[in-house]
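J.: The following block contains the structure, expressed as structure tokens.
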Amino acid sequence: MTTCAHSHVLVTGASSGIGRATALRLAKSGYHVFAGVRKPADGAALAEAAGGDVTPVILDVTDPQQVASAVELVSGHVGDAGLTGLVNNAGIGVFGPLELIPVEQFRRQLEVNVTGQLAITQAALPLLRRARGRIVMIGSIGARFTPPFVGPLAATKSALATMSTALRQELAPWGIHVTVVEPGSIRSGAVDKLESDAQRVLDEATAQGRALYRDAFGHLVDFFADLHEKGSPPEVVATTVERALRASRPRSSYLSGKNARRMATIARLLPVPAQDALRRRLAGQPAPGSLTVGATG
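Numbered according to numbering that gives the first Met the number 0, the sequence shown spans residues 0 to 296.
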């Protein structure tokens, strides 16, 4: 799949970051992009930046009515040509100690990052079959190398990767390929949100919960904030997505961005105890078994 004449791609979560960069990149390369956004203003800004090669689509992947309406709109445009690609980028990121994360927040993240991706994929598959199109899932290197307190997000990305493996096999008879792009450290402009979300997790915890995790969690948040400030721009991931859509023999997964290859190598080569020691150091955690709790703990 090396040409993009009459090619149509749906990109979810296109309001900002990787999704926006991908929509602009593909539009510049000659694709017609249907850009899933939550707010009309974001869609208008994206269409203006792309110079007319982007059609904004109001799309919350957790809303069945919006999913159906979005695919109906796309179908009306593409007709028998079908959909060349679906880029599943929509997602949210919740970090924190698993002991402290409210279950409803964990469930919401699963709903957006996993169930929502399946919902839009199911709805778009008839259009993808017409074109023998491709599905690109935006995962995370965190699914391979998971530090402490990244568990809530990494769990959803691991589930997405597993779902992609199954989909790749199930859809192969129709020539539909499924690829996972695994970004590393990406400069997304969301550092302030990361820090405020982390503070909210601590604020909503009990006094005992804060005492248990405050120092190590704060250390990891500072580390991640610095890591992402120095990360690759989202355009790097957009380039990888285009490669996955165009390649004559696409891979099942692509690493993309700063530190992705390094973390994948560590996850592949280091024994688990050595990985745990490294991750513990990144999070500023005390040594195993070094902490004690009072009688009420």
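In this text, a Cβ means the ideal position worked out from N, Cα and C, and glycines have one as well.
Predicted model, so just to flag it, every value in this text is computed and none were measured.
(1) My output table needs one value for Ala34: the three-state DSSP class, helix, strand or coil.
(2) By the three-class DSSP mapping on this structure, what secondary structure does Gly84 have?
(3) Taking only three categories from DSSP, how would you classify His185?
(4) If we ignore side chains and look at the alpha-carbon of each, how far apart do Asp214 and Gly283 end up?
(5) Out of curiosity, what's the CA-to-CA distance linking Arg186 and Gln64?
(6) Kindly indicate which three-state DSSP category Arg248 falls into: helix, strand or coil?
(7) Taking the Cβ atom as the reference point for each residue, do Val60 and Ala22 lie within a distance shorter than 9 Å?
(8) Where does Leu298 sit, in a helix, a strand or coil, going by DSSP?
(9) On a Cα-Cα basis, can you pick out the residue from Leu277, Thr264, Val179 that is closest to Arg250?
(10) Return yes when the Cβ of Ser252 is within less than 9 Å of the Cβ of Gly138, no when it is not.
(11) Leaving out five residues before and five after Leu170 in sequence, what residues of the same chain have Cβ atoms less than 6 Å from its Cβ?
(12) The alpha helix (DSSP H) that contains Thr164, what's its start and end?
(13) Between the Cα of Leu159 and the Cα atoms of Gln108, Val36, Ile100, which residue gives the shortest distance?
(14) Look up Ile100 in the DSSP assignment and say whether it is helix, strand or coil.
(15) Tell me which residues share the same chain as Thr164 and place their Cβ nearer than 7 Å to its Cβ, disregarding the 5 neighbours each side in the sequence.
(16) Got a sec, what are the start and stop residues for the beta strand (DSSP E) Thr120 sits in?
(17) Could you check how far apart the C-beta atoms of Phe105 and Pro151 are, in whole angstroms? I think they sit under 8 Å.
(18) Could you tell me the distance, in whole angstroms, from the CA atom of Gly12 to the CA atom of Gln121?
(19) Would you decide whether Val292 is buried or exposed? Buried here means 16 or more other CB atoms lie within 10 Å of its CB.
(20) How far does the alpha helix (DSSP H) with Pro55 in it extend, from its first residue to its last?
(21) Give me the DSSP bridge partner(s) of His176.
T.: If we stick to the structure as given:
(1) strand
(2) strand
(3) Rather than His, the amino acid found at residue 185 in this sequence is Ile. Strand, per DSSP.
(4) 8 Å
(5) 33 Å
(6) coil
(7) no
(8) This structure gives no information on residue 298, because the portion of the chain shown stretches from 0 to 296.
(9) Val179
(10) yes
(11) none
(12) 150 to 170
(13) Gln108
(14) coil
(15) none
(16) Looking at the DSSP string, Thr120 is not in any beta strand (DSSP E); the run it does join, the alpha helix (DSSP H), is 115 to 130.
(17) 6 Å
(18) 17 Å
(19) exposed
(20) It is not in any alpha helix (DSSP H) - Pro55 instead sits in the beta strand (DSSP E) that spans 53 to 57.
(21) Arg133
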